[in-house]
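Each residue of the sequence shown is one higher than the one before, starting from 35 at the first, in the working numbering.
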Amino acid sequence: ASDVPQPTTHSPQHPGGSSAPLPTPQMSCIVFVRLAPTLRGVCGLCGNFDDNAVNDFTTRSQSVVGNALEFGNSWKFSPSCPDAPAPKDPCTANPYRKSWAQKQCSIINSATFATCHAHVEPAKYYEACVSDACACDSGGDCECFCTAVAAYAQACHEVGVCVSWRSPDVCPLFCDYYNPEGQCEWHYQPCGAPCMKTCQNPSGQCLHDVRGLEGVLCPAGLRGAVLGTLWAGLGSVLETL
């Protein structure tokens, strides 16, 4: 595959676009990597960019394996480096978090995302969410859970299904923090447009395909820095707060 998103520790791979920061109450980030067509046939941990995700786990010796650990160890910088050990199941290591993780992550399989289930299989995202929620124990109990659910919501958005899943009780985004007195009011939107006018992109035209993201956005018709989405296209720098 050509793009490797890393929204959570174990998030499933899906096609992606440009790099984009997503401010949240925990100041997390989502990173997408897109290669130019001239780089087809690369190798390494990010896959080989041949539009075939099946063979992305190609080792240094050019064999295809199904185990992420074996794949990762094959690309060690030096053969003398020790192999990475098999990871422990986070929910086994932290059993006190398992029931909480399963309950919280069940939103992915719930009616909240019902319109998306037929378009993006939720099982892998649910499993990744539970794993991450069990493993994450820093920066607030909800940090990894919210990032994992946001990854599924983004995958839904990319196939044309917009899901407004955040609420005051579930991973809220408080926009008032970004509203200086006397200036325009920021609004949270679950599905931002793929290209808009900003300070760094006043024309509102993007030279490359970019993906729309959720974020805290300035009202329509007003131009300013956009929190949560990269509008300017590859090679440009977008002002963020």
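Ideal Cβ positions, reconstructed from N, Cα and C, are used throughout, including at glycine.
Annotation: H191 to V197 spans about 7 Å, alpha carbon to alpha carbon.
Looking at the backbone, the Cα of A184 and that of N101 are separated by about 26 Å. For a cut-off of 8 Å, the C-beta gap from A167 to A182 is around 7 Å, short enough to register as a contact. Burial check for Y130: the Cβ neighbour count within 10 Å stays below 16, so the residue is exposed.
Approximately 5 Å separates the beta-carbon atoms of F83 and R74; this is inside 8 Å, confirming the contact. Excluding sequence positions up to five before and after C125, its CB lies within less than 6 Å of the CB of K132 and C168, all in the same chain and listed in chain order. Under DSSP, Q223 shares a beta bridge with G249.
Going by DSSP, S133 is part of the alpha helix (DSSP H) stretching over P129 to C139. Looking only at T146, C115, A162 and G194, the smallest Cα-Cα distance to H153 is reached by G194.
In the assembly as shown, C115 is an exposed residue. Its beta-carbon has fewer than 16 other beta-carbons within 10 Å. Within the DSSP bridge table, the entry for T92 names V98 as partners.
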